[in-house]
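Participant: What the sequence shown shows, in the working numbering, is residues 2 to 144, in sequence order. In this text, a Cβ means the ideal position worked out from N, Cα and C, and glycines have one as well.
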Amino acid sequence: MKLPFTLFTLLAFSWSGLADAQIYRWVDAQGQVHFEQRPRQGSEQVEVKPQVIQREDHVRQSELNRARLFDVREQEREEQREQSARLREQQAGRCSRMRELLARYDNRVYWYEEDASGRRVEVSNERVKASKASLNKQIQEQC
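Okay, here's the thing in C-alpha cells:
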C-alpha cells in the first residue's frame, strides 16, 4: 500500500515541477548565449513571463469587419448557388418540353392550324420540316 502512495506523491511533485519550469541563461567561451532548463556553473536564472498581447480597438474593429464581410460574401455565394440550381432546373424543364415536342413531330403524319376564320388548315410538309429543324437547332444550342 505504501508503494502506490509513494509513487503517486513522486509523480505529483514531478508534474508540478514541469508547470514551474525554470530557465537558465549562460554564456560559453566563444561568447554565445545559451538557454537551458538545468542550471550550469556560471548560469543565472531568467524569469520568463507569458506575453499578453492587447490588440488596439481599430485592429479589433478591422477583424470584426473582415468577419462580417466574409459572412456576407458566403451568404452571397450561397444565394448564387441556389439561383444557379433554380436556373439549371428551369433549363432542364425547357429542354424536356422541347424534346417532347420533337417526339410529337415524329409521331404525327398531318399537321393542322387554324386560319383567320377559325377553320382547320393542313400545314405543308416543308413548313413542318423547317419547324422541326428549328426545334432541333434550339435543343442542340440550349440543352
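(1) Quick check: what's the CA-CA separation for C96 versus Q84?
(2) Go ahead and pull the three-state DSSP assignment for I54.
(3) With burial defined as no fewer than 16 other Cβ atoms inside 10 Å of the residue's Cβ, what is the status of F6: buried or exposed?
(4) Where does V110 fall in DSSP's three states?
(5) Report the rounded CA-to-CA distance for D116 versus Q141, giving the unit in angstroms.
(6) If the criterion is Cβ atoms closer than 8 angstroms, does the pair Q154 and Q23 meet it?
Facilitator: A quick look at the data gives this:
(1) Indexing the sequence shown from 1 puts residue 96 at position 95. Indexing the sequence shown from 1 puts residue 84 at position 83. Each residue's Cα considered, the two are about 18 angstroms apart.
(2) If you number the sequence shown from 1, residue 54 lands on position 53. Annotated three-state conformation of I54 is coil, per DSSP.
(3) As a working mapping, residue 6 is identified with position 5 in the sequence shown. With a pLDDT of only 47 at F6, under 50, the local geometry of the prediction cannot be trusted, and no value is derived from it.
(4) In the sequence shown, the residue the question calls residue 110 occupies position 109. Coil, per DSSP.
(5) As a first step, residue 116 must be located in the sequence shown, where it is residue number 115. As a first step, residue 141 must be located in the sequence shown, where it is residue number 140. Approximately 31 angstroms between the Cα atoms of the pair.
(6) The first residue shown for the chain is 2 and the last is 144, placing residue 154 beyond what the model contains.
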